[in-house]
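**Q** Let me give you the structure first, and then I'll get to my questions.
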Amino acid sequence: MQPGETDHFGNGHFQNHDARPGGFLDLIRWLRTRQPGAWRKWIPSGYGPKPSERLGGNQLRVTFIGHSTVLIQAGAFNFLTDPIWSHRASPVQWAGPKRHRAPGLRLEDLPPLDAILVSHDHFDHLDVSTLRGLRTHRAQIFCPLGVAKLLRKVGYSDPIELDWWESSEFSSAIRVHCTPAQHFSGRSLFDRNRTLWCSWLIENSHGNIYFGADTGFGLHFAEITRHFPSPRLALLPIGAYRPRWFMSPVHMSPDEAVTAHQILQAQTSVAIHHGTFRLADDGETEAVDRLRELMSLPADDARSARPFLALEAGVGYDVV
């Protein structure tokens, strides 16, 4: 599908259905008035153990590596989301947002990868240096409209580029669906919203897996639920959410992420997009602290039976 054929593209730019992110003047206002929460300069943390090369049957294991980078091992298939191992989320390594903790796994300890899911072209989600290092896996890479051109320059000859609600058969048991998100794109001052942003759903005979990527809260969660009820696993962003007047169109708060977890009726959700890069005004552990507070409050049996977890980086978690 070409951009001109979709209902969320016009005048050379992609757009959200339900929200409009702040513009340049809003960015300047935030930068002039921001009150960032506390972060340690460096968070001591060791690397996790080397994962198994392959699982079997209906096994599902998730390893939070950091930010929105997650290793998903679904039976015999290994997926990696928005990989970034670089020290900075930036076009250069001497400026821009820097890591406050090491990735949970060494790049060389990754098992053989079958597919890489890229949600959009922001530097903290599409890291050229990391993607170059992953070419040896010969994994199939998936991306939203407009991003394939950059991926080809990185060395991926056949990226699968999809629009919202398009899908691609990955194997006889797995189909990869491009699903909506509420965000924006751009890698410079001159290419804002020239490429699409998305979330991903891995349709699997042993239980669907939803990667929420980078998104504000919106009606797209209910729409996704109508197409794909009750994922076995949902990866939902919780960080970089303050101040709300500026961040709410593009980043969920922990409270909104819990609501999304409930709308999706995910059997298990895992928090992403927190604790690695200081991208907004929330403090180092603020998002996780709030998530754990929310999940500890008295709740109906349905929420209690569906955990929403913040995992230790690098340690595999077996999803029931």
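At position 299 of the sequence shown (counting the first as 1) the number is 302 in my numbering, and the numbers step up by one without a gap. Quick reminder that beta carbons are idealized off the backbone N, C-alpha and C, glycines included.
1. What are the start and end residues of each continuous beta strand (DSSP E) run of 3 or more residues lying completely inside the segment 270-297, in chain order?
2. Contact between the segment 246-255 and the segment 41-53 is defined here as three or more beta-carbon pairs at a separation below 8 Å; is this criterion met?
3. Which residue comes first and which comes last in the beta strand (DSSP E) that contains A237?
4. Could you have a look at M4 and say whether DSSP puts it in helix, strand or coil?
5. Within this structure, are the beta carbons of S188 and D124 separated by less than 8 Å?
6. Enumerate in chain order the residues of its own chain whose CB-to-CB distance from G158 is below 7 Å, with the five nearest sequence positions on each side excluded.
7. Hey, would you say P106 sits closer than 8 Å to T66, going by beta carbons?
8. How is F12 classed by DSSP in three states: helix, strand or coil?
9. Is the distance from the Cβ of L148 to the Cβ of E164 below 8 Å?
10. Let me check one thing: in DSSP terms, what residues is Q217 bridge-paired to?
11. According to DSSP, which residues form a beta bridge with S202?
12. Would DSSP call M255 helix, strand or coil?
13. Below 8 Å, how does it come out for the segment 260-270 and the segment 89-108: are there three or more Cβ pairs, yes or no?
14. What span of residues does the alpha helix (DSSP H) with A118 cover, start to end?
15. Just confirm the distance between the C-beta atoms of L120 and T84, as a whole number of angstroms; I'd bet it's less than 8 Å.
16. Quick one: what's got a C-beta closer than 7 Å to D21's C-beta in the same chain, skipping five residues either side?
17. Which word fits S89, buried or exposed, when buried means at least 16 other C-beta atoms lie within 10 angstroms of its C-beta?
18. List the endpoints of the continuous alpha helix (DSSP H) containing V131.
19. For M250 and P232, what's the separation of their Cα atoms in angstroms?
20. When you compare only the Cα positions, how much space is there between T288 and R197?
21. In three-state DSSP terms, what is K156?
22. Tell me which same chain residues have a C-beta within less than 6 Å of the C-beta of R91, skipping the five on either side of it?
23. With respect to the beta strand (DSSP E) encompassing A98, which residues constitute its N-terminal and C-terminal limits?
**A** Inspection of the coordinates gives the following:
1. Listed in chain order, the complete beta strand (DSSP E) runs (minimum 3 residues) inside the segment 270-297 are 271-275.
2. No contact exists between the segment 246-255 and the segment 41-53.
3. It spans 236-240 - the beta strand (DSSP E) in which A237 sits, taken as one unbroken run.
4. Residue confidence for M4 is low, a pLDDT of 47 falling below 50, so the modelled location carries little weight; the figure read from the coordinates is stated next. In the structure shown, M4 sits in coil (DSSP, three-state: anything other than H, G, I, E or B).
5. Yes.
6. Within the same chain, G158 has close Cβ partners R135, R138.
7. Using a Cβ distance threshold of 8 Å, P106 and T66 do not count as a contacting pair.
8. Correct three-state label for F12: strand.
9. Annotated as proximal: L148 and E164, with beta-carbon spacing under 8 Å.
10. According to the sequence provided, residue 217 is Asp. The question's Gln does not apply to it. Answer by DSSP bridge pairing: none, since D217 is not bridged.
11. Answer by DSSP bridge pairing, in chain order: T182.
12. In the three-state reduction of the DSSP assignment, M255 falls in the coil class.
13. Two segments are said to touch when three or more pairs of C-beta atoms, one from each, lie closer than 8 Å; by this definition the segment 260-270 does not touch the segment 89-108.
14. Looking at the DSSP string, A118 is not in any alpha helix (DSSP H); the run it does join, the beta strand (DSSP E), is 118-120.
15. For a cut-off of 8 Å, the C-beta gap from L120 to T84 is around 5 Å, short enough to register as a contact.
16. Cβ neighbours of D21 within its own chain (closer than 7 Å, five residues either side excluded): Q185, G221, L222.
17. Label assigned to S89: buried.
18. That run of the alpha helix (DSSP H) goes 131-136.
19. Their Cα atoms are separated by approximately 28 Å.
20. Going from the Cα of T288 to the Cα of R197 covers about 33 Å.
21. Helix at K156.
22. Result list for R91: G99, K101, in chain order.
23. Per DSSP, A98 lies in no beta strand (DSSP E) and is assigned neither H nor E.
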